[in-house]
Structure formats: C-alpha cells, structure tokens
Amino acid sequence: MKINSICCIGAGYVGGPTMAVIAYHCPNITVNVVDANIDKIKHWNNKDFNDLPVKEPGLGDIIKKVRNKNLHFTSDIKKAIENSQMIFLAVNTPTAKSGPAKGMGADLTNIINSAKLVAQYSKDPKIVIEKSTLPVRTAEKLKEVLKKYGNTDFQIISNPEFLAEGTAIKDLFKSDRVIIGGEDSVLGKKAVNHLVRIYSKWIPKEKIIVTNIWSSELSKLASNAFLAQRLSSINSLTSFCEKTGADILEVSKAVGMDKRIGGDFLSPSLGFGGSCFQKDILNLVYISRSLGLDEVADYWEQVIIMNDYQKKRFSNRILELTKSPETSTISVLGWAFKKNTNDSRESASIYIVRNLLINNCKINIYDPWVDVDKIKYDINYSLKQIRFKKSEIEIILKKIKIFNSIKSCIKNVSSIAICTEWDEFKEFDWKAAYKYVEPECIILDGRNIIDTKKIVGTNFRMYSLGR
Ligand code: NAD
Ligand code: UGA
29 MKINSICCIG
39 AGYVGGPTMA
49 VIAYHCPNIT
59 VNVVDANIDK
69 IKHWNNKDFN
79 DLPVKEPGLG
89 DIIKKVRNKN
99 LHFTSDIKKA
109 IENSQMIFLA
119 VNTPTAKSGP
129 AKGMGADLTN
139 IINSAKLVAQ
149 YSKDPKIVIE
159 KSTLPVRTAE
169 KLKEVLKKYG
179 NTDFQIISNP
189 EFLAEGTAIK
199 DLFKSDRVII
209 GGEDSVLGKK
219 AVNHLVRIYS
229 KWIPKEKIIV
239 TNIWSSELSK
249 LASNAFLAQR
259 LSSINSLTSF
269 CEKTGADILE
279 VSKAVGMDKR
289 IGGDFLSPSL
299 GFGGSCFQKD
309 ILNLVYISRS
319 LGLDEVADYW
329 EQVIIMNDYQ
339 KKRFSNRILE
349 LTKSPETSTI
359 SVLGWAFKKN
369 TNDSRESASI
379 YIVRNLLINN
389 CKINIYDPWV
399 DVDKIKYDIN
409 YSLKQIRFKK
419 SEIEIILKKI
429 KIFNSIKSCI
439 KNVSSIAICT
449 EWDEFKEFDW
459 KAAYKYVEPE
469 CIILDGRNII
479 DTKKIVGTNF
489 RMYSLGR
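With positions in the sequence shown counted from 1, the corresponding number in the numbering used here is that position plus 28.
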C-alpha cells in the first residue's frame, strides 16, 4: 500500500490543526478533512484566514500555505473515505449524558458512527487511526464495528494527540513524543510503519514511540490525569497559603526547582477547565471502577473533587469580598478556559458566573476571542443543567451584559474577577482604571497575573489567589 491520500473525520480543535500540519510537512500526500457539520466545513474554507472555526496562534498562516493545495475541507465524506488509504478519527468523545456511563464514562457514539461510515464507504483495505482520546480497549470495539459493517481489511492504530490549545501549532511542530500503538502482526506492523514514515518527516525518530494498542490508549488518559493532578496539587495549597501567610508563587517556584518535580504546569489558578481534563479523568475513574479497582478510582476522582472545590472557593471569595454583591455589578474578565484560544468548554468562568447569578449578582463579561453567542450559550446551558426553567433563565440572562473591551466591562463595577490569563489583562493600565470603577472596587486575581506593585496608591482592593 502506498499512502498518497489521507482523510480525517472530525474538523475540530484536533482534526483541523493536526491535518494542517501533516499537509504542510507532507506535500505529496492529499489530506481531506471532513465533518458532519457542514457550516464548520464552510467556515474552514473562509477567505479570511484569521476567522476560522478554531482560533490558534499560527494556524491561519499554515492553512494559507496548504489549503486547496494538498489540504481540503470537504463535506463529501464518502469520496474522502473511498480515496484514502489512511483514515484518522478525530471526533469528539464527551462524557456520556445517559446510559450506564452517565456523567462518568466517554460517550462513544461519534467514534462508532464514524467507524460505520468508514466501513460503509471503504472498497479496499484501510488503516484506521484513533486520534480521539478513548477508553482503553476501544480498538476492540472499533474492530467489531468495521467487521460487521464493512467488506475489506482494516488495521486499527492508536495515535493519541497531545497538543494543548493555545499552543497547538507549536506543540504539533515540536511534539515531546508521538505514540503509535499497533497490533503485533505482519499487517499491524506494516500499518504502524506507514504512520511512522509520515511523522518522521518532521519529528525526530527517537521521539516516535511504538507500543501495543492498549498502552497507547492508556498513555493518553494517564498523561492528562498526571497533568491535572499537578494542577489540583498546587491549587489545593492556595487555600493553605491564605490561612498561613505562605505565598503560593514562592512555594510553586521552590517546589518546581526540584529537577525531579519540574517547574512546568504548577501555576495556581481558579481551577482548570477545557474539554478534556475533566472528561478524561472521569473516564479513567469509570474504567477503574468497571475493573473493580475502587481504590484506584477514588484516587483519581480526588483530582476532580479538588478542582470543583477550587472553582467554588474562588466564586465564594467574590461574593464575600464584593460590597453588597446583590446590588452591585461584578466584572468577569476572561471566558476562554485559557489564553490564546476561543474555546470555552468547561471553562472555570462558566461555573463562577452561574454561582454568581444564582446569588442574584449583575455581571459584565469580556473575553477577547470567545464569541458573544458562545458565552450566552454556555450560561444558558449551565443553568439548564441545574434544572432552571426557560422562563427563569430568560429573567436571569437579563442580569448579564457582554462587552468588547476591558475598559467598558469594568466601568462602574464593584469587583473585577480575572478568570483567564490573557496578556491584555496583564498589560492593562490598572492604575488609570481606578478612576472609572466604583470606590473601593476589588480585583480578584484568579490567575495571579496582575503585578500588585502597579496598583499601589490607587485604592483598589486586591485579592490574589493563594497569597
Ligand atoms: P471538537 O468537538 O472540536 O471536534 C470534533 C468534530 O467531530 C466536530 O466538528 C463534530 O462535528 C465532528 N463529528 C462528530 N461525529 C462525527 C461523525 N460521525 N462524522 C463526522 N464528523 C463528526 O473536538 P476536539 O476538541 O477536536 O476533540 C476531538 C478528540 O480529540 C476528543 O476525543 C478529545 O478528547 C481529543 N483531544 C482534544 C484535544 C484538544 O485540545 N481539544 C487535544 C488532544 C486530544
Ligand atoms: C491539555 C493537555 O495539556 C494536552 O497535552 C492534551 O492534549 C489536551 O489537554 C487534551 O487532551 O485535550 P489543554 O486542555 O488544551 O491541554 O490546555 P492546558 O494547557 O493543559 O490547560 C488546561 C487547563 O489548566 C486550563 O484551564 C489552564 O488554564 C489550566 N492550567 C494550566 C493552570 O491552571 N495552571 C497551569 O500551570 C497550567
């Protein structure tokens, strides 16, 4: 088999950037990215390279170089599958909303449905690649589906993605490692080698690790669990610092300078967000319980419990420290779950705003990249989740105003909660801002990005997490 055409099902935060980078490094391979969402495909074909469905530094520049050359965003799923030798499945795998896995395990509907499409449209042998993050042993299920609905040979490979949003292009260009899990058979090894050859175009050979399929699937869940565990560990000490006079930034630096621990991923925050950490740990907990490993499940579940505690704690701090929170306005700066992305899935801001709304607060919101409609959708959805009726939600939503600049968002407010670490919040002239907020306005810095020295003499009150 010669690989001259590949297809990716799922044009989201993973499918779009990863395929753009493969197309960029492999000019002799045609890459077709398909999606069930036709509007999203149209958006990927937008003339304006700064306005794509996924906002990521550097993504527009890569797309500009390869789109309609060897990278195509298309809705013709049938043709894309038929013509490709290799098919990546990069569909979303959210936490199940119903059934036995409800609230814990991954909902595999999208991955099964995309495998059915592959089976249905494949006339000759294909290599099918799990790019989505999946429960361990999903490849077994995929094999069954492909066999049941298809008429040709399929080799399944696990190749999880480790990019982080906001740095996706950088991460894809210089991955710490690429993991490729395949079957221990002649055809399995051949399939793995095809994928190794693709990555070898830009990733050093020693960084490409070949494993068995189950190790590869588990390595992805384990990596996210380890990263999130670090965050819950450092965040757990912020309340400890506040009670003892220790400073979390000094503690984080001191701990991180131990080479065995390392300094990355130790920035305390109001709680981690994003579409993956919570879902992947819940999934790990669910699988552990299914295997009868309750102690293992309890251990990892604590990472989520600590994160929920941190979000609640920050939100309660806002209520405690705002003067008459029910009659004044609170400004929430940042809706994205981290800087340099337009993604707000599971962002701590959503939880915080919901809690403030339940407590009757009026809220101003500003985020540089997240669309106004997405912010409204997130709030609406989060209120529905706790069983608010449509009529109640309509009333509550009147308490929210969304702005297009920091300055307009903080005008006449009594408190300002910094929820995302955007550079523009850091660089803002806070000294001058004191003139247009309410007297004794408090800034609650959930990211520790504001240099407290800069607001000395302004009468701003300041709460810095863990300090
Ligand atoms: P996403 O929601 O941004 O994109 C998934 C896309 O798949 C959507 O556009 C959806 O319309 C499409 N889709 C779903 N079912 C389909 C079907 N049957 N046919 C065609 N299209 C279909 O999701 P994402 O953030 O790109 O994540 C995808 C997977 O990658 C998840 O398993 C996630 O855990 C994993 N992952 C995500 C990241 C990240 O940073 N977002 C990083 C590493 C791994
Ligand atoms: C994370 C992992 O870092 C990726 O390796 C993985 O591929 C991805 O999940 C996934 O599977 O989806 P991502 O969620 O995009 O990437 O972003 P992170 O940089 O990990 O940040 C996650 C959350 O933790 C954000 O809310 C961020 O603000 C927060 N965070 C991160 C902190 O609070 N402190 C830190 O020191 C680092």
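Idealized CB from N, CA, C, for every residue including glycine.
Query raised in the report: Which first and last residues belong to the alpha helix (DSSP H) in which Arg-288 is found?
Result: Where Arg-288 is concerned, there is no enclosing alpha helix (DSSP H), given that its DSSP letter is neither H nor E.
**Report entry** Distance between Lys-93 and Cys-54 (C-alpha atoms, nearest Å)
**Finding:** 12 Å
Query raised in the report: Grouping DSSP H, G and I as helix and E and B as strand, with all else coil, what is Gly-209?
Result: strand
Report task. Output the boundary residues of the beta strand (DSSP E) element that contains Arg-489. Result -> 489-492
Report task. Pull up the distance between the alpha-carbon of Leu-80 and that of Arg-95, whole angstroms please. Result -> 12 Å
Query - In DSSP terms, what Met-29 is bridged to - result: DSSP lists no partner for Met-29.
Query - Own chain residues within Cβ distance below 8 Å of Arg-258, not counting five before or after - result: Phe-293, Leu-294
Query - For Glu-189, three-class secondary structure by DSSP - result: coil
**Report entry** Among Ser-442, Ile-346, Ser-372, Trp-450, nearest to Ser-410 - alpha-carbon criterion
**Finding:** Ser-372
Query - Burial state of Asp-289, where buried means 16 or more other Cβ atoms lie within 10 Å - result: Sequence check: residue 289 is Ile here, not Asp. With fewer than 16 other Cβ atoms within 10 Å, it is exposed.
Query raised in the report: Exposed or buried, which one is Met-285 when buried takes at least 16 other CB atoms within 10 Å?
Result: exposed
**Report entry** Opening and closing residue of the beta strand (DSSP E) in which Val-238 lies
**Finding:** 236-240
Query raised in the report: Can the beta-carbon of Ala-445 be found closer than 7 Å to that of Trp-328?
Result: no
Query raised in the report: Skipping 5 residues on each side, what residues in its chain have a beta carbon closer than 8 Å to that of Ile-237?
Result: Arg-205, Val-206, Ile-207, Ile-208
Query raised in the report: What residue range is occupied by the uninterrupted alpha helix (DSSP H) comprising Asp-308?
Result: 305-318
Report task. Out of Glu-466, Cys-437, Glu-468, Glu-158, point me to the one whose CA is closest to Phe-456's CA. Result -> Cys-437
Query raised in the report: beta strand (DSSP E) containing Ser-443: first to last residue?
Result: 443-446
**Report entry** Residue of Leu-493, Ile-434, Lys-454 minimising C-alpha distance to Asp-473
**Finding:** Leu-493
Requested in this report: Taking 7 Å as the cut-off, decide whether the C-beta atoms of Val-61 and Gly-43 are in contact.
Outcome: yes
Query raised in the report: If we call anything under 7 Å between Cβ atoms a contact, is Tyr-464 one with Phe-488?
Result: no
Report task. Report all residues for which the CB-ligand distance to some heavy atom of ligand 1 is below 6 Å; order them along the chain. Result -> Ile-37, Gly-38, Ala-39, Gly-40, Tyr-41, Val-42, Gly-43, Asp-63, Ala-64, Asn-65, Lys-68, Ala-118, Val-119, Asn-120, Thr-121, Asn-138, Asn-141, Ser-142, Ser-160, Thr-161, Glu-189, Leu-191, Glu-193, Ser-303, Cys-304
Report task. Would you grab the beta carbon distance between Trp-11 and Thr-448 for me? Rounded to a whole angstrom, and I think it's under 8 Å. Result -> Summary: the structure shown does not reach residue 11, with the chain confined to residues 29 through 495, and so no result is reported for it.
Requested in this report: Provide the residue span of the beta strand (DSSP E) that contains Ser-295, from first to last.
Outcome: First-last for Ser-295: undefined, no H or E at that position.
Query raised in the report: From Gly-194 to Lys-217, what distance separates their C-alpha atoms?
Result: 34 Å
**Report entry** Neighbourhood of Thr-350 by C-beta, 8 Å cutoff - its chain only, sequence neighbours within 5 removed
**Finding:** Ser-356, Ile-358, Cys-389, Ser-442, Ser-443, Ile-470
Report task. Identify every residue that forms a DSSP beta bridge with Thr-58. Result -> Ser-33
Query - Beta-carbon spacing of Thr-161, Pro-122 below 7 Å - result: no
Query - Closest Cα partner of Lys-233 within the set Ala-124, Cys-304, Lys-175, Lys-202 - result: Lys-202
Report task. Assign Ile-50 to one of three DSSP states: helix, strand, or coil. Result -> helix
Requested in this report: Measure how close the beta-carbons of Ser-186 and Glu-158 come, nearest whole angstrom, since I'm counting them as under 8 Å.
Outcome: 5 Å
Requested in this report: Would you decide whether Phe-305 is buried or exposed? Buried here means 16 or more other CB atoms lie within 10 Å of its CB.
Outcome: buried
Report task. Keeping to the same chain, check which residues put their C-beta closer than 6 Å to that of Ile-380; ignore five residues upstream and five downstream. Result -> Ser-343
Query raised in the report: Using the rule of at least 16 other Cβ atoms within 10 Å of the residue's Cβ for burial, across every protein chain shown, is Pro-153 buried or exposed?
Result: exposed
Query raised in the report: Can you tell me the Cα-Cα spacing of Leu-347 and Pro-353, whole angstroms?
Result: 6 Å
Requested in this report: Quick one: using the 10 Å Cβ neighbour count with 16 as the cut-off for buried, is Ser-280 buried or exposed?
Outcome: buried
Requested in this report: Could you tell me whether the Cβ atoms of Gly-178 and Ala-147 are closer together than 7 Å?
Outcome: yes
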